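Here the structure is laid out as C-alpha cells; the discussion comes afterwards.
Residue numbers (the working numbering): 29 to 149.
Take a look at the structure:
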C-alpha cells in the first residue's frame, strides 16, 4: 500500500532517496572502503524492489477498487458515506493486492465479514 498511497508513480524515486538518506551516515566508511554496512543497506532495498516486481506491484498505484463506495454502502446497508466507507475501501484495496486473481464476489464476502467483525467490537 505504501507504493499506492504515499509515492504513486514516483515510488522508485522515493526508494532511491530513502536509501541515499540511510547511506549518508556511512559516507566515511564508504570513503575508507569499509562497505559491509553499505552493502547490507543496498541489499535490503534491492530485495524490496525485486519483491515489488516479483508480485507485479510496480504499477499498483493506478489500480482502481473493484468495489466503489456506492457498492460498499449498498452491500453493507450503510446510508451515508464517510469514514466507515473509506475504511472499507482501504480493505478492498488491501484484499485486491493480496488476491490478484480474486473475484468481485469473493471481495464482497471478505468485506461483509470484516464489517461484521468491526461492528461487534
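From the three backbone atoms N, C-alpha and C, an ideal C-beta is built for every residue, glycine too.
Quantities reported herein were computed from a predicted structural model and do not represent experimental measurements.
Taking C-beta atoms under 8 Å as the contact rule, residue 139 and residue 100 qualify, at a distance of about 7 Å.
Counting other Cβ atoms within 10 Å of its Cβ, residue 120 reaches 16 or more and is therefore classed as buried. Within the stretch 59-136, the runs of alpha helix (DSSP H) at least 4 residues long that lie entirely inside it are, in chain order, 64-82, 97-104, 111-126. In the same chain as residue 84, and ignoring 5 residues on each side of it, the C-beta atoms closer than 8 Å to its own belong to 128, in chain order.
Contact between residue 90 and residue 109 is absent: CB atoms are separated by about 23 Å, not below the 8 Å threshold.
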